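Asks: Those sequence lines, one after another, are chains A and B. The opening residue of the first sequence carries number 108 in this note's numbering; numbering runs sequentially from there. The opening residue of the second sequence carries number 20 in this note's numbering; numbering runs sequentially from there. All residues carry an ideal CB built from backbone N, CA and C; glycine is no exception. Here the structure is a predicted model, which is why all the values come from computation and not from measurement. The structure follows.
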Amino acid sequence: MRLIKTATLAAGLALCGGSLHAQEGIDDPTRAPYYESFTGKKVAYVPVAMGFDLTEGWAAGLKEALEPLGVTFDIRDPNWSTDAGAQAITTLIAEKPDVIVVHNPDVQSYARLLKKAEEAGIYVVQVNMRSSYSTDVFVGADYVGMGQQIGERLVEVCSPAKGGSGKIAITQGVLTAAASIYQMQGINNVLSKHPEIQLVSNQAADWDATKAKNIAATVIQQHPDLCAITGFWDVMDVGTAAAIKESGKNVYLLTQGGGNRMVCDGLENGTYSESVVYFVPGQARDMATMIKQLLQLKQPAGTTKTTLFTPLTFLRKDNMTAASCWDMPTKG
Amino acid sequence: MAVSDQIVRWRYRLVPDHLLGEILTKRWVDNAIPVLILIVVAAVFGWLIPDFFSAAGISSLMRQWGEFTLIVLALMIVMVAGGIDLSIGSTFALGNIVALTLIAVAGWSVPAVIAATLACGALVGLVNGVLVGYLRLRAFLTTLVTLIIVRAVVDMMLLKYSVAIAAGFVDSDLWYYFGEGDVLGVPFSVATALVLALVAHLVLSRSRAGWHVLAVGGSRRSAHNVGIPVRRVICLTYVVSGTLAALAGVLFASRLGGAGADTGVGLEIAALTAAVLGGNSLGGGRGSAAKAIIGAIIVMIMVNGLVRIGVTRGGSSLLLGMVLLAAVAIDVRWLKNRHKFLSKVYVSPTYSELPAAPATSGASPYALNDRLRPVEAIGLGQIDGPEDVILDEDDHIYVGNRTGDIVRFLAPDYTQQELFVHVGGRPLGMAFAKDGSLLVCIGGMGLYSIGRDRSIRKLTDETNRSWFSIIDDSRLRLADDLDIAADGRVFFSEATVRYEMHEWPVDCLESRGNGRIICYDPNSGTTRTVVKNLLFPNGICMMHDGQSFLFAETWACRVSRYWFDGPKKGTVEVVIGDLPGYPDNINRASDGTYWLALVGIRTPSLDLALKMPGFRRRMARRIAPDEWLYPNINTGCVVRFDETGRIIEALWDFGGENHPMITSMREHKGHLYIGGILNNRVGRLKLDGMDPAWSGIDSYWRRI
């Protein structure tokens, strides 16, 4: 009897199978439009150059986030040439991708081109180093704020009140790059209030480790009692660190960068004393998120201006953990 | 004819081997390799990048191309004068920063900014120019040093002004027009570059200053020797170069407005690659605006294409460097080997089979004899190469010589000679016109008329150009012999269009129909080619019917008849098809027959070689010209034939003891006057049984 009951139930279930399945769940109404809004879209990426942690990290993050959605991700590498970059953007304006992600070599050169790109209906996302023209999205460090924090940190480390010599040096990147120009503003804001801190050198190494090394070596010779050097990029400051090491002096090196594993290693082995980190994978995710939003909202380019400042971490040997730095995803 | 001979004959008839050599003689072949590279580069990137050559893709490239072309033009001008300017990249950056500083920081007006910036560039050029031109330092090292110094100046200015420039705002539509505006639909920079390229082209090709630049680049010493102010010319090329580089900098400043430290870094390499790739020689003396433009396009396509393909980490610089290396190698090898290669491939023999040569012994009408033994020598040792001989009404003898004179031996004893006229060139065939003026075919010059008053007048030196001829066949290279029709039309032969006067025997090695017969009509002043593809057409002689003439084709060993009027107009008929030697001039005889000079007698070896074009080509390529197998042009004879082609008699000088080397003969009042292009005399032979009163002039113009 029991068997018959079960069999009847099973048969009944089998008969009504179709309708029962439908009642197991409902289709998410945003799902189809979500995927639709990405299929066949094109994102083009114009960094200042490929081949280092920041640009490779952003590229990897964007690729990971966008390509599974059917978005074509295209890299145009001007290899440190502003002109080649301008050419790439000009070409892109003609090609009309849906989004251009730009990493500006300086605040001026691409400004008018970015405006034109927006006018042509292309969303423009600027990463880390912005142009003087604000586009749909900027993702990156708040360089003025970062400069202020760095200034305060330098005062803290070198203040004669705490036994420092008060002499500091700054090694900028390209003078007109956003990272240099806004950060100097922040640092100056602080230093102007601290006359006891003496800025003995403020030069541009154009993101070049060799130039940075030469600058640091000269400054240390001129000022053997130099307290600290702050450089505007960790890759460039490999040179600064080498100069400090060669001099044998104890100079505090405060650098900054994307928080790649190299920085943690550098802090560990004493290459750098401290590093201000804007977390690159986080920036990549922010950009991907903003791109997804832009593509779904479908508003004309330039309608909204969003700024997402990346949270900053001051990493030292004593406060870093294994998770503080990120690793470049292995290719292929 | 054997099957293998047939195959060889068709092989050489169908494949135009001679075109390769002719193409290589062209000046534009210098541009052929760059254009080829351009096509390859365009094809490769067009294939790799789907919409690379879409209108939008091209227009986006144009603006940068304009600036880049200015830089390449700047470098080209210096290179043409034999120098090199590595400082253009830095000068470009200087132009950029100076313009930006003046407009954004100092707030100058746009015209003042441009003037000042160009002056800055000119100043850098002047420094280079003084150092290289006047102080004669090495261009490479000097401009390398200025590259560094100017770059340092740029860096100092950047340090001082770049932040101010970045912060400043330029409120001038005119200023942005340079970087963003269009002229008639093309970007301003492109319009500027094209206009300046045109100016550069006109200056280099059409003006005294441009010729000076080319001369200095071609050979500094020779330029100095002819009085060109070499130092000043060199100095000025650098000034022009600096100014153009600064102009490109202004356009760049207006377009991007960015005071970046990387502006113009490595630009000199890209520009150098473009200039050399375009075919501007590093050694100087060879270059043009067109070459600069082609090179600039190639490099622009490559750089942009590589960025668009997504080549990363210096891949494009690497490729550019390798291309430069290859371009320099091609440039050097090309310059060095072009002439060598040309001389090897220019001679391109083809298949030619002559009919069996008739015997010159026994019962043959050509049988050897000693009838030229009694020839008297006129002007022995005093005349160099009288190709043709002619006598006027007063019995004076006229002959041309190797040094471009027409010499007159005075009747009656011909011991006295005088220079009739100096015409230059190489006087060959002659004929008296109805008005008594002497018409002469001058090798290397054309057809000339010399009046009784010794006035020289050019009748023609060009004919209509063939549509599909690669070499310019409108010019007359080797006008050979002429005759005049009753209505005054002059028919003259041009033996070959592929060789100059002094190389005429080489044409035999080819035995292609390189020659032609041309008609000059004095009534309309026109010159037209009437018969083409003849094997070294040589002597021409009007026939008595007034509608046709006889002409000899030397390398074909035949005499043919051409009708220029009447029912058979335009047809050619062979009169004698199998001469034992190489026919030269033909002239009328007093009894209505014709005299024919055989310049040399055929040899079985050359006859065989003519059927073996491969053999002759190997010979021409592998051994020195002195060792080549040439036709025999030393021993010949005079024959007389009638209009059916029957040989009446042959006059030989057996053994060549008395009068060897015959190219022409002229009957005049019972005597035969004999000329030879390599001879040192005019021969005179008393003719038995010929009309002692007959003369050529009477025969032509008095209708006796």
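Are the CB atoms of A:Asp243 and A:Val232 nearer to each other than 8 Å?
Replies: The residue labelled residue 243 of chain A in the question sits at position 136 within the first sequence. The residue labelled residue 232 of chain A in the question sits at position 125 within the first sequence. Yes.
Asks: Taking B:Leu92 as the reference, give the member of B:Pro679, B:Ile316 and B:Asn323 with the closest Cα.
Replies: Position 73 of the second sequence, counting from 1, holds the residue named residue 92 of chain B. Closest by alpha carbon: B:Ile316.
Asks: Give the single residue among B:Trp582, B:Pro35 and B:Leu629 whose Cα lies nearest to the Cα of B:Cys576.
Replies: Translated into the one-based positions of the second sequence, residue 576 of chain B becomes position 557. Closest option to B:Cys576, judged by alpha-carbon separation, among B:Trp582, B:Pro35 and B:Leu629: B:Leu629.
Asks: Is the CB of B:Ser335 under 8 Å away from at least one CB in chain A?
Replies: Sequence index remark: in the second sequence, residue 335 of chain B carries index 316 (1-based). It does: the Cβ of B:Ser335 has a partner Cβ on chain A nearer than 8 Å.
Asks: Return no unless some Cβ of chain B is closer than 8 Å to the Cβ of A:Pro90.
Replies: A query on residue 90 of chain A cannot be resolved here, the shown segment of chain A reaching from 108 to 439 and no further.
Asks: Check whether the Cβ of A:Arg423 lies closer than 8 Å to any Cβ atom in chain B.
Replies: As a position in the first sequence, residue 423 of chain A is number 316, starting the count at 1. Closer than 8 Å: no.
Asks: Could you say which of B:Gly708, B:Glu481, B:Asn653 and B:Leu458 lies nearest to B:Ala504 if we only look at CA atoms?
Replies: Here residue 504 of chain B refers to the residue found at position 485 when the second sequence is read from its first residue. Selected option, being the one with the closest Cα: B:Leu458.
Asks: Are B:Asn147 and B:Thr162 touching if we call contact CB-CB under 8 Å?
Replies: Here the question's residue 147 of chain B lines up with position 128 in the second sequence. Here the question's residue 162 of chain B lines up with position 143 in the second sequence. Yes, Cβ-Cβ distance for B:Asn147 and B:Thr162 is below 8 Å.
Asks: For B:Ile723, which three-state DSSP category applies?
Replies: For the purposes of this step, residue 723 of chain B is taken as the residue at position 704 of the second sequence. Residue placement at B:Ile723 is flagged as unreliable, the pLDDT there being 43, under the threshold of 50; the coordinate-derived value follows with that caveat. Coil.
Asks: Please name the residue in B:Ala228, B:Phe207, B:Leu94 and B:Val235 whose C-alpha comes closest to that of B:Gly152.
Replies: The sequence position of residue 152 of chain B within the second sequence is 133, counting from 1. Nearest option by C-alpha distance: B:Val235.
Asks: Enumerate, from N- to C-terminal direction, the unbroken beta strand (DSSP E) stretches of 3 or more residues contained entirely within the region 422–497 of chain B.
Replies: 424–428, 436–441, 445–451, 457–462, 465–469 and 475–479
Asks: Give every residue of the same chain whose Cβ lies closer than 6 Å to the Cβ of B:Pro274, excluding the five residues on either side of it in the sequence, and list them in chain order.
Replies: Against the second sequence, residue 274 of chain B aligns to sequence position 255. Checking the sequence, you will find Arg at residue 274 of chain B rather than Pro. Contacts found: Gly198.
Asks: Taking 8 Å as the CB-CB limit, is B:Ile184 close to chain A?
Replies: Counting from one through the second sequence, the residue named residue 184 of chain B turns up at place 165. So, interface residue.
Asks: Given this structure, state the Cα-to-Cα distance separating B:Asp389 from B:Asp672, to the nearest angstrom.
Replies: As a working note, residue 389 of chain B is residue 370 in the second sequence. As a working note, residue 672 of chain B is residue 653 in the second sequence. Linking B:Asp389 to B:Asp672 through their CA atoms gives a straight-line distance of about 5 Å.
Asks: Mapping DSSP to helix, strand and coil, what is A:Gly270?
Replies: Taking the first sequence and counting its residues from 1, the one referred to as residue 270 of chain A is at position 163. Coil.
Asks: Going by Cα to Cα distance, which pick from B:Ala375, B:Ile56, B:Ile107 and B:Met638 is closest to B:Met734?
Replies: Absent from the model: residue 734 of chain B. The displayed extent of chain B is 20 to 723, so no value can be given.
Asks: Under DSSP, the alpha helix (DSSP H) around B:Glu199 begins and ends at which residues?
Replies: On the second sequence, position 180 is the one that residue 199 of chain B refers to. Element bounds for B:Glu199: Asp192 to Glu199.
Asks: Three-state secondary structure (DSSP) at B:Leu569?
Replies: In the second sequence, residue 569 of chain B corresponds to position 550, counting from 1. It is a strand residue.
Asks: I want to know whether the region 590–599 of chain B touches the region 610–621 of chain B - three or more CB-CB distances under 8 Å.
Replies: yes
Asks: For a cutoff of 8 Å on Cβ pairs, would you count B:Leu166 as touching chain A?
Replies: As a first step, residue 166 of chain B must be located in the second sequence, where it is residue number 147. B:Leu166 does not count as touching chain A.
Asks: When the cut-off is 8 Å and only beta carbons count, does B:Gly277 lie next to chain A?
Replies: What you label residue 277 of chain B is simply residue 258 of the second sequence in a count that begins at 1. Put simply, the CB of B:Gly277 is near chain A, with a gap under 8 Å to one of its CB atoms.
Asks: Please return the same chain residues whose Cβ sits closer than 6 Å to the Cβ of B:Gly702, not counting the five positions on each side in sequence.
Replies: Along the second sequence, one-based indexing puts residue 702 of chain B at 683. Same-chain partners within the cutoff: Val394, His678 and Ile693.
Asks: Kindly list the residues whose CB is nearer than 6 Å to the CB of A:Asp313, restricted to its own chain and excluding five residues on each side of it in sequence; keep chain order.
Replies: Here the question's residue 313 of chain A lines up with position 206 in the first sequence. Answer for A:Asp313: Val281, listed in chain order.
Asks: Kindly indicate the opening and closing residues of the beta strand (DSSP E) around B:His690.
Replies: The sequence position of residue 690 of chain B within the second sequence is 671, counting from 1. Start and end: His690 to Gly694.
Asks: At a Cβ cut of 9 Å, what residues of the region 169–184 of chain B count as close to chain A, listed as they run along the chain?
Replies: Answer set for the region 169–184 of chain B: Asp174, Leu177, Leu178, Ser181, Val182 and Ile184.
Asks: Can you find the residues in the same chain that come closer than 6 Å, C-beta to C-beta, to B:Trp713, ignoring five residues on each side of it along the sequence?
Replies: What you label residue 713 of chain B is simply residue 694 of the second sequence in a count that begins at 1. Once the five neighbours on either side are set aside, the close Cβ partners of B:Trp713 are Ser609.
Asks: May I ask which residues mark the beginning and end of the beta strand (DSSP E) holding A:Asp181?
Replies: As a first step, residue 181 of chain A must be located in the first sequence, where it is residue number 74. Per DSSP, A:Asp181 belongs to the beta strand (DSSP E) from Thr179 to Ile182.
Asks: Could you tell me whether the Cβ atoms of B:Thr282 and B:Leu343 are closer together than 8 Å?
Replies: Taking the second sequence and counting its residues from 1, the one referred to as residue 282 of chain B is at position 263. Taking the second sequence and counting its residues from 1, the one referred to as residue 343 of chain B is at position 324. No, the Cβ-Cβ distance between B:Thr282 and B:Leu343 is not below 8 Å.
Asks: Let me see if you follow: with CB-CB separation under 8 Å, is A:Trp187 close to chain B or not?
Replies: On the first sequence, position 80 is the one that residue 187 of chain A refers to. Chain B contact via Cβ: present.
Asks: On the three-state DSSP scale, how would you describe B:Arg547?
Replies: Indexing the second sequence from 1 puts residue 547 of chain B at position 528. Looking at B:Arg547 - three-state DSSP - the assignment turns out to be strand.
Asks: Could you tell me whether the Cβ of A:Gln400 comes closer than 8 Å to any Cβ of chain B?
Replies: Mapped onto the first sequence, residue 400 of chain A falls at position 293. It does not; no Cβ of chain B falls within 8 Å.
Asks: What residues of chain B sit near A:Asp160, judged by a beta carbon separation below 8 Å?
Replies: Position 53 of the first sequence, counting from 1, holds the residue named residue 160 of chain A. In chain order: nothing, as chain B lies at least about 14 Å away.
Asks: Report buried or exposed for B:Asp603, applying the criterion of at least 16 other Cβ atoms within 10 angstroms of its Cβ.
Replies: Locating residue 603 of chain B in the second sequence gives position 584, where the first residue counts as 1. That one is buried.
Asks: Can you name the residues of chain B whose CB is closer than 8 Å to the CB of A:Ser241?
Replies: Taking the first sequence and counting its residues from 1, the one referred to as residue 241 of chain A is at position 134. Per Cβ cutoff of 8 Å: no residues; A:Ser241 is ~15 Å from chain B at best.
Asks: Thinking A:Pro212 and A:Val155 are a contact (beta carbons under 8 Å), I'd like their distance in whole angstroms, please.
Replies: Locating residue 212 of chain A in the first sequence gives position 105, where the first residue counts as 1. Locating residue 155 of chain A in the first sequence gives position 48, where the first residue counts as 1. Confirmed, about 5 Å.
Asks: Who are the Cβ neighbours of A:Leu199 in its own chain at under 8 Å, not counting the five residues just before and after it?
Replies: To locate residue 199 of chain A, count along the first sequence from 1; it is residue 92. Correct list, in chain order: Ala151, Val153, Arg183, Ile207, Ala224 and Ile229.
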